[in-house]
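If you're matching positions, the sequence shown starts at 391 in my numbering and goes up one per residue.
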Amino acid sequence: MASVLVLSGSPSKVSRTAALADFIVRRLVADGLAARHVALRTLPPADLVAAHAGAPGIAEVVAELAAADGLVIVTPTYKAAYSGLTKIFLDLLPQSALEDKAVLPIATGGSLAHVLALDYSFRAVLHSMRARHVVQSHFVPDSCFLKTDGGYEPDETALGPLFYAAFDEFRRSVHAHEHFRSVDFVRSLVPSATKV
Ligand SMILES: Cc1cc2nc3c(=O)[nH]c(=O)nc-3n(C[C@H](O)[C@H](O)[C@H](O)COP(=O)(O)O)c2cc1C
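Structure, rendered in structure tokens:
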């Protein structure tokens, strides 16, 4: 079964970004993928800041990412860029941590004025980490969230067709990776097949 790690990078306890990450996990699981959301704010802060990738609590997430076929990374827009919490986590990973993976970058934000931050800065970081396929990124404005008793919930209709198109492209890319991984596995069992 293909697996996806979903990371959210908001420092806020009550977070639209985390609510969107939960929503994405529910959809991925409904589509038959294994998926889990890790809110980066729940990782041990001192170890995060000191880039202790092997620290308890962080090492498990790093290993889960290494084993995943895909990564959805959801960040709030802060000062016209991704959040510092998101960057601190990416910085403690190896340079090739996204090698062979499909990646879906998503940003939440208060103003459409900063939509391009996704493509000008966030996308470049993800490519530098050797992602196989960074699919169309998507910006989700605060107007797409409904207030609930406990926090926020994305308004499924307001998310709009472009959100679902990016999601579907990501899902196809994850399945393609799963396919190639199994072909590589068969090739490793039959050395002569590698000549094909
Ligand atoms: C410190 C800070 C800086 C922000 N800077 C921007 C910004 O530059 N552009 C923007 O569109 N939204 C900005 N916002 C709004 C947030 O991106 C937006 O409300 C987001 O949904 C918050 O996510 P959260 O609820 O998960 O914390 C900022 C919010 C904060 C707290």
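Quick reminder that beta carbons are idealized off the backbone N, C-alpha and C, glycines included.
A straight-line Cα-Cα distance of about 11 Å links A507 and T498.
In this structure, E543 keeps its C-beta atom at 7 Å or more from the C-beta atom of L552. I463 places its beta carbon 7 Å or farther from that of P484.
Proximity of the segment 445 to 458 to the segment 406 to 423 falls short of the contact definition, fewer than three beta-carbon pairs being nearer than 8 Å. Under DSSP, A503 takes part in no beta bridge, so it has no partner.
Sequence-distant Cβ neighbours of L433 in its own chain, meaning closer than 6 Å and more than five residues away, are G447 and I448. S400 and H427 do not touch by the CB rule: their CB atoms are close to 12 Å apart, not below 8 Å. Distance from the Cα of S473 is smallest, within the candidate group D490, L488 and H504, for H504. Around the beta carbon of R561, 16 or more other beta carbons sit within 10 angstroms, so the residue counts as buried. The alpha-carbon separation between G540 and V404 amounts to approximately 8 Å.
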